[in-house]
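Take a look at the structure set out below.
Number of protein chains: 2
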Amino acid sequence: MRKHQEDSKPTVVECNGKLAAMGDALYAIGGKWKLRVILALSEGNMRFNDLQRSISGISARVLSNELKELEMNGFVKRIVYTDPTVIIEYELTDYSDTLDPVLSSLINWGEMHRAKIRSDARAEAGVTARAVLQ
Amino acid sequence: MRKHQEDSKPTVVECNGKLAAMGDALYAIGGKWKLRVILALSEGNMRFNDLQRSISGISARVLSNELKELEMNGFVKRIVYTDPTVIIEYELTDYSDTLDPVLSSLINWGEMHRAKIRSDARAEAGVTARAVLQ
DNA sequence: GTCACCACTAACCTTTTGTATACTACTAAT
DNA sequence: ATTAGTAGTATACAAAAGGTTAGTGGTGAC
């Protein structure tokens, strides 16, 4: 039994609403690093080199660019302390807290997915095309 | 008052857990199009050209690649009907339903973010660096 | 027969993203 | 004085992602 066009076409309007909202979200926080940087900051890493160490694989150049963009978009504050010596810290803003549901749903799903891929790999060892972890 | 190193370093272990889970998630569903394709499919678009029309900006080449990857990762089934004529439909699998919380948190956040950017733009019209919508 | 639609694929090109290496200017420790 | 760390920037290059254009072989409609 086929499903296409059984109910007079999906309403283009409501599709566009959700697709657009998702587009906005992905525009602001999409890409390889943005969410990782935010997560690393939320875990307590504040200084440039700490961040670079905790986000494995990121280069100084890319981290620098990501931090600038995150600052421009209001997710991150750059704070310069000068008490004994100059120290620069990056801090999440209150606005970035609005991302918590997104982050936690992603983390939960990632954990679940990792478990699933692992058990699939055990079940059908050595079969053709298979999903893969990073 | 500065915050760095006030509590004996963030525990590297738990950071890595979440960062790794997020890494897994972004590896499977990251990138510009994956979630958009899944959303479009969940909105009822099943056939190749329908999908291409509803996901604005995607090219046939990219859509084709994304569908293949989504199929490999178990999010999508490709079904060939031959009743009056050959028709190919893409359908979400049950596994893709596990992404619902991710999708809805992203959509909610996107809607909120869009509203925020709009009101910010009204409030401080013409100020230097500002976040931007797609 | 011609035209359009469907479901793609191939070739090529551009843009984006990331990597590697080096370098700056400063501080702090040995 | 040398070495190491901080917080990056500069430059050059490579790889990945995406876009453009065209074309395939099939069906169906006029």
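Sequence lines, in order, name chains L and Y. Counting in our numbering, the first sequence runs from 240 upward without gaps. Counting in our numbering, the second sequence runs from 240 upward without gaps. We put the beta carbon where it would ideally sit given N, CA and C, even for glycine.
request  = Just the chain L side, please: which residues come within less than 8 Å of R346 of chain Y by C-beta, in chain order?
outcome  = Note that residue 346 of chain Y corresponds to Ile in the displayed sequence, not to Arg. K257, A260, M261 and A264, listed in chain order.
Am I right that L331 of chain L and I277 of chain L are in contact with their C-beta atoms under 8 Å? What's the rounded C-beta distance? Sure, about 7 Å apart at Cβ, within 8 Å.
Query raised in the report: Quick one: what does DSSP say V315 of chain L is sitting in, helix, strand or coil?
Result: strand
(request) List in chain order: all unbroken alpha helix (DSSP H) runs of 4+ residues lying wholly within the stretch 256–324 of chain L. (result) Listed in chain order, the alpha helix (DSSP H) runs fully inside the stretch 256–324 of chain L are 273–281, 287–293 and 299–311, counting runs of at least 4 residues.
| Minimum Cβ-Cβ distance from R357 of chain Y to chain L less than 8 Å | Chain L contact via Cβ: absent.
Next item on the list: Using a Cβ-Cβ cut-off of less than 9 Å, give me the residues of the stretch 318–338 of chain L that come near chain Y, in sequence order.
Entry: Flagged, chain order: I318, Y320, D322, I326, E328, E330, Y334, T337 and L338.
Interface residues of chain Y around E363 of chain L at Cβ under 8 Å? Result: empty, since nearest Cβ-Cβ is about 12 Å, beyond 8 Å.
| said: Tell me the rounded alpha-carbon separation between E282 of chain L and K257 of chain Y. | reply: 9 Å
Boundaries (first-last residue) of the beta strand (DSSP E) holding L331 of chain L = I326 to L331
| With C-beta atoms as the reference, is N284 of chain L less than 8 Å away from S298 of chain L? | no
Counting only Cβ pairs nearer than 7 Å, list the residues of chain Y close to V350 of chain L. Residue 350 of chain L is actually Glu in this sequence, not Val. Chain Y residues near E350 of chain L: A260.
Query raised in the report: Going by other Cβ atoms of all chains shown within 10 Å of its Cβ, with 16 needed for buried, is K307 of chain Y buried or exposed?
Result: exposed
Taking only three categories from DSSP, how would you classify K248 of chain Y? Note that K248 of chain Y scores a pLDDT of 35, beneath 50, so its modelled location is shaky and nothing firm can be said.
Neighbour-count burial assignment, S358 of chain L, 16 or more Cβ in a 10 Å radius:
It counts as exposed.
query = Does the beta carbon of V214 of chain L come closer than 8 Å to any beta carbon on chain Y?
reply = Outside the displayed span of chain L (240 to 373) sits residue 214 of chain L, for which this structure offers no information.
Evaluate N288 of chain L with the Cβ neighbour count: other Cβ atoms within 10 Å of its Cβ, from every protein chain shown; 16 or more gives buried, anything less gives exposed. exposed
Q. Can you find a C-beta in chain L that's less than 8 Å from the C-beta of R241 of chain Y?
A. With a pLDDT of 43 at R241 of chain Y, under the threshold of 50, the predicted position of this residue should be treated as unreliable, though the coordinate-derived value follows. At least one chain L Cβ lies under 8 Å of R241 of chain Y.
(Q) If contact is defined by three or more beta carbon pairs under 8 Å, each pair taking one atom from either stretch, is the stretch 333–344 of chain L in contact with the stretch 308–319 of chain L? (A) yes
- Would you say A299 of chain Y faces chain L, with C-beta separation under 8 Å as the test? no
Problem - 8 Å Cβ cutoff, A360 of chain L in contact with chain Y - result: Look at A360 of chain L: its C-beta is not under 8 Å from any C-beta on chain Y.
- Task: Check V341 of chain Y in the structure and name its three-state DSSP category.
- Result: helix
Which residue's Cα is closest to the Cα of D339 of chain Y: Y:R275, Y:A362 and Y:S303? Y:R275
Exercise for review: Quick one: which residues of the stretch 272–288 of chain Y get their C-beta closer than 8 Å to a C-beta of chain L? List them in chain order.
Suggested key: L274, R275, L278, A279, E282, G283, N284, M285 and R286
| request: Compare the beta carbon distance of W348 of chain Y and A264 of chain L with 8 Å and say whether it is the shorter of the two. | output: Yes; because the gap between Cβ atoms is below 8 Å, this pair is in contact.
query: Does the Cβ-Cβ distance between L290 of chain Y and Y320 of chain Y come in under 8 Å?
result: Taking 8 Å as the Cβ cut-off, L290 of chain Y and Y320 of chain Y do not qualify as a contacting pair.
query: In whole angstroms, what is the alpha-carbon distance linking L342 of chain Y and I268 of chain Y?
result: 11 Å
- Task: Return helix, strand or coil for E363 of chain Y, following the three-state DSSP convention.
- Result: DSSP places E363 of chain Y in coil when its eight states are reduced to three.
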